[in-house]
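Student: Residue numbering for the sequence shown is 993 to 1278, as defined by our numbering.
Even glycine gets a Cβ: it sits at the ideal position worked out from N, Cα and C.
This structure is a prediction, so every number in the text was calculated from the model and none was measured.
Below you will find the structure I want to go over with you.
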Amino acid sequence: DELRFSGVLTPKRAKAGRRVTQLHYARQGIITPEMEFIAIRENMGRERIRSEVLRHQHPGMSFGARLPENITAEFVRDEVAAGRAIIPANINHPESEPMIIGRNFLVKVNANIGNSAVTSSIEEEVEKLVWSTRWGADTVMDLSTGRYIHETREWILRNSPVPIGTVPIYQALEKVNGIAEDLTWEAFRDTLLEQAEQGVDYFTIHAGVLLRYVPMTAKRLTGIVSRGGSIMAKWCLSHHQENFLYQHFREICEICAAYDVSLSLGDGLRPGSIQDANDEAQFAEL
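This is the structure we're talking about:
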């Protein structure tokens, strides 16, 4: 109990049948305060780049990107509504400053932190967060796999001015003592709810690792290098059942919509070497 963050507010959640996501508001034609803040922030970032780094724009292919001279709140709304950009902003993470990720906006940088079973403490993880943001990280992922995962994440969230992401399957695995075969949809769902109520802004979900794709990795030089992908592959093979993240993907989306959590689709069958690049397993998952 002494590790718990004091003064935590009661978690917020959308009422049944209602939506509180930035995507919902954008598609309703509503400009939110977050969108206004982002427009100002993006323009300030561009001005800084123009004055400090770039003296001219290099010619090149736009690949469909449309880069206006000045970003407006209306432009932010339209890009989100079109599905070309996201605003990771859990309603339970008020400490975070709004930011946007999309093809027509500034490039964003993520930093990974997190404890392990053999090293680090809550104090060290918060220190990593502080230095990540000082050096310009736009988002931070807490990939903790050791003790006190919940408490560590709480301290990170309550001190983070940037969106925080996680891989929920890591904590779900710890709840079953690290035995992948013992994972269940119920345990994973409870983990999603726990993290969404804390304020996690985006989840990485390995829903594309399907049972029929796993044998395609047998001839690989480096096998499955994604931790989340290997966890789900082991579960699928041991139970001879389809990936429960894929089977329950609609429910995952409903949970995310209730708290405005964004989804990052984890590439569980990504290649770990040039030898394995562009093989049938990689493209099957895509």
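#1: Can you have a look at F1275 and say buried or exposed, based on whether 16 or more other CB atoms are within 10 angstroms of its CB?
#2: Would you report the Cα separation of A1115 and E1143, rounded to the nearest angstrom?
#3: My assumption, with CB atoms under 8 Å, is that A1225 sits in contact with V1206. Please give the rounded CB distance.
#4: In terms of residue numbering, what span does the alpha helix (DSSP H) encompassing I1141 cover?
#5: Pairs of beta-carbons, one from the region 1133-1153 and one from the region 1104-1124, closer than 8 Å: are there three or more?
#6: Taking DSSP as the reference, what is the three-state secondary structure of I1161?
#7: Assign R1069 to buried or exposed, taking buried as 16 or more other Cβ atoms, counted over all protein chains shown, within 10 Å of its Cβ.
#8: In angstroms with no decimal places, state the Cα-to-Cα distance between G1037 and L1229.
#9: Does DSSP classify L1257 as helix, strand or coil?
#10: Which residues mark the beginning and the end of the beta strand (DSSP E) in which F1195 is found?
#11: Can you list, in chain order, the stretches of the alpha helix (DSSP H) that have 4 or more residues and sit fully within the region 1059-1100?
#12: Span of the alpha helix (DSSP H) holding I1105?
#13: Please list the segments of the alpha helix (DSSP H) lying wholly inside the region 1007-1042, counting only runs of 4 or more residues, in order along the chain.
#14: Compute the Euclidean distance between the alpha carbons of L1098 and L1149, then round it to the nearest angstrom.
#15: Measuring CA to CA, which of T1196, I1223 and D1134 is closest to I1168?
#16: Should M1053 go down as buried or exposed, given a rule of 16 or more other Cβ atoms within 10 Å for buried?
#17: Are E1034 and I1079 closer than 9 Å when you measure CB to CB?
#18: What are the start and end residues of the beta strand (DSSP E) that includes M1133?
#19: Taking M1224 as part of the alpha helix (DSSP H), name the residues at either end of that continuous run.
#20: Restricting to Cα atoms, I'd like to know which of A1103, S1108 and V1118 is closest to V1132.
#21: What would DSSP say about I1266, mapped onto helix, strand or coil?
#22: Can you tell me whether I1216 is helix, strand or coil according to DSSP?
#23: Assuming I1197 contacts L1257 under a Cβ cut-off of 8 Å, what Cβ separation, rounded to an integer in Å, is found between them?
#24: When you compare the CB positions of A1129 and V1154, do they come within less than 9 Å of one another, or not?
#25: Which of the three DSSP states is assigned to I1171 in this structure?
Tutor: According to the structure shown:
#1: Walking along the sequence shown from the start, residue 1275 turns up at place 283. Exposed, because fewer than 16 other Cβ atoms sit within 10 Å of the Cβ of F1275.
#2: To locate residue 1115, count along the sequence shown from 1; it is residue 123. To locate residue 1143, count along the sequence shown from 1; it is residue 151. According to the sequence as given, residue 1115 is Glu; it is not Ala. If I take the Cα positions, the gap works out to 11 Å.
#3: Here residue 1225 refers to the residue found at position 233 of the sequence shown. Here residue 1206 refers to the residue found at position 214 of the sequence shown. A1225 to V1206, Cβ: 5 Å. Contact.
#4: Along the sequence shown, read from residue 1 onward, the residue named residue 1141 stands at position 149. Element bounds for I1141: I1141 to R1150.
#5: yes
#6: Here residue 1161 refers to the residue found at position 169 when the sequence shown is read from its first residue. Of the three classes helix, strand and coil, the one that applies to I1161 here is helix, per DSSP.
#7: Indexing the sequence shown from 1 puts residue 1069 at position 77. It is buried - the Cβ of R1069 has at least 16 other Cβ atoms within 10 Å.
#8: Numbered from 1 along the sequence shown, position 45 holds the residue referred to as residue 1037. Numbered from 1 along the sequence shown, position 237 holds the residue referred to as residue 1229. One C-alpha to the other measures close to 48 Å.
#9: Taking the first residue of the sequence shown as 1, we reach residue 1257 at position 265. Residue state, collapsed to three classes: strand.
#10: Position 203 of the sequence shown, counting from 1, holds the residue named residue 1195. Counting along the chain, the beta strand (DSSP E) containing F1195 begins and ends at Y1194 to I1197.
#11: 1065-1073
#12: Looking up residue 1105 in the sequence shown gives position 113. It is not in any alpha helix (DSSP H) - I1105 instead sits in the beta strand (DSSP E) that spans N1102 to I1105.
#13: 1014-1019
#14: Looking up residue 1098 in the sequence shown gives position 106. Looking up residue 1149 in the sequence shown gives position 157. For L1098 and L1149, the distance between alpha carbons rounds to 24 Å.
#15: Within the sequence shown, residue 1168 is the residue found at index 176, counting from 1. The residue asked about is misnamed: residue 1168 is Val in this sequence, not Ile. The candidate whose alpha carbon is nearest that of V1168 is I1223.
#16: Working through the sequence shown from its first residue, we reach residue 1053 at position 61. Looking at its Cβ environment, which holds fewer than 16 other Cβ atoms inside 10 Å, M1053 is exposed.
#17: Taking the first residue of the sequence shown as position 1, residue 1034 is located at position 42. Taking the first residue of the sequence shown as position 1, residue 1079 is located at position 87. Cβ distance not < 9 Å, so E1034 and I1079 don't count as in contact.
#18: By one-based count along the sequence shown, residue 1133 stands at place 141. Looking at the DSSP string, the run of the beta strand (DSSP E) that includes M1133 is T1131 to D1134.
#19: On the sequence shown, position 232 is the one that residue 1224 refers to. Note, M1224: alpha helix (DSSP H), R1219 to H1231.
#20: Indexing the sequence shown from 1 puts residue 1132 at position 140. Cα-wise, what sits closest to V1132 is A1103.
#21: Counting from 1 along the sequence shown, the entry for residue 1266 is found at position 274. I1266 falls in the helix class under three-state DSSP.
#22: As a first step, residue 1216 must be located in the sequence shown, where it is residue number 224. DSSP places I1216 in coil when its eight states are reduced to three.
#23: Counted from its first residue, the sequence shown places residue 1197 at position 205. Counted from its first residue, the sequence shown places residue 1257 at position 265. Right, their Cβ atoms sit about 6 Å apart.
#24: By one-based count along the sequence shown, residue 1129 stands at place 137. By one-based count along the sequence shown, residue 1154 stands at place 162. Contact: yes.
#25: Taking the sequence shown and counting its residues from 1, one reaches residue 1171 at position 179. I1171 falls in the coil class under three-state DSSP.
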